[in-house]
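The structure appears below as structure tokens.
Residue numbers (my numbering): 6 to 319.
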């Protein structure tokens with residue numbers, strides 16, 4: 006069974022955490038590790054003298070290598086530590102820091118010469134995912150480069166992915182008949198999306214074998230209470246696994262505190278088809294819908310997701 010396309014973490018720069026401002030000590034390894042992002046951001050201007058990532062870079066490679074250097078060290082620490090809380094702290098920093106890295110890439114490319122090296126760095130924005138930068142802005146940055154670069158194999162790949170993303174982001178409607186299909190939850194109960202009492206559904210596509218998805222799960226569980234607080238929105242984790250045991254195991258390991266369903270059809274799932282999830286469109290991916298066939302938002306995470314939900318009509 007083929008799996009959805011998802012690039013290797015290192016290939017697209019999915020790194021775990023970066024730089025130390027304070028020292029957190031793992032009692033098992035006596036190693037110093039970075040604190041959560043929110044604590045690092047509070048440190049403000051003192052960061053430069055305490056090991057934070059430098060604010061000035063001379064190339065996209067420097068941005069990537071700085072992250073890669075720290076990531077390699079932390080990967081080893083995560084494997085060694087027996088402290089579950091510490092491990093979760095490191096993993097939970099992933100998404101915000103990847104987004105921060107991608108923002109730095111975008112800012113650097115925007116402000117510097119539109120040469121081949123900077124053009125290649127677009128891969129972090131186009132192929133890397135997990136960014137709060139609007140697809141229209143990324144498309145505009147791509148268009149700022151010379152046609153000779155856009156005609157290269159890399160340029161054609163970037164153009165194709167940007168087109169796909171913008172097409173998906175621009176979707177306004179979906180076939181609401183999928184809400185009548187029965188899926189199974191982890192307890193084996195039949196779930197029909199139409200019968201979920203919430204007015205809006207946040208469909209979160211993931212799979213047990215998808216490392217960035219597992220990291221996104223850890224972030225989402227922190228927001229569950231805020232998202233589902235007034236009953237307006239329900240989160241539904243839709244697994245694109247094809248093996249029940251793997252789906253159930255991953256759901257339990259990630260401690261999902263919201264509904265997890267699957268039809269175990271992987272990319273052949275009619276739900277994946279409706280929302281254009283397939284071999285060339287990776288996960289994690291989410292879509293916020295109402296029950297009348299309207300798409301409210303796509304691929305929206307973190308604070309941006311909370312802003313969208315806060316703006317929903319009751």
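Glycine residues also receive a C-beta, built at the ideal position from the N, C-alpha and C atoms.
When 169, 291 and 222 are compared, the shortest CA-CA separation from residue 93 is found for 222. Of all alpha-carbon atoms in 76, 124, 86 and 145, the one lying nearest the alpha-carbon of residue 65 is that of 124. Relative to residue 307, the option among 228, 272, 281 and 254 whose CA is nearest is 228.
For residue 75, the uninterrupted alpha helix (DSSP H) segment begins and ends at 65-85. DSSP, reduced to helix, strand and coil, places residue 88 outside both helices and strands of the structure shown, so it counts as coil.
In this structure, the beta-carbon distance from residue 245 to residue 271 falls below 7 Å. Considering only 251, 149, 283 and 261, the residue with the shortest C-alpha distance to residue 269 is 251. By the CB criterion at 7 Å, residue 187 and residue 197 fall inside the cutoff. Membership of residue 140 in the alpha helix (DSSP H) is indicated by the continuous run 140-148. By the 16-neighbour rule on beta-carbons within 10 angstroms, residue 303 is buried. Around the beta carbon of residue 157, fewer than 16 other beta carbons sit within 10 angstroms, so the residue counts as exposed.
Below 8 Å, enough C-beta pairs join the stretch 288-297 and the stretch 206-224 to call them touching: three or more. For the set 131, 107, 104 and 152, the Cα lying nearest the Cα of residue 120 is the one of 152. Residue environment analysis places residue 267 among the buried positions, since at least 16 neighbouring C-beta atoms fall within 10 angstroms of its C-beta. Per the Cβ contact rule, the stretch 78-93 is not in contact with the stretch 136-150 (fewer than 3 Cβ pairs under 8 Å). Distance from the CA of residue 82 to the CA of residue 180, rounded to the nearest whole angstrom, comes to 46 Å. Burial state of residue 262 is exposed, judged by a 10 Å Cβ sphere holding fewer than 16 other Cβ atoms. Per the C-alpha coordinates, the member of 205, 193 and 258 positioned closest to residue 234 is 205. Pairing residue 131 with residue 166 gives a Cβ-Cβ distance under 7 Å. Excluding sequence positions up to five before and after residue 203, its CB lies within less than 7 Å of the CB of 236, 237, 238 and 239, all in the same chain and listed in chain order.
For residue 300, same chain residues with a beta-carbon under 8 Å away, outside a window of 5 residues either side, are 176, 177, 178, 179, 292, 293 and 294 in chain order.
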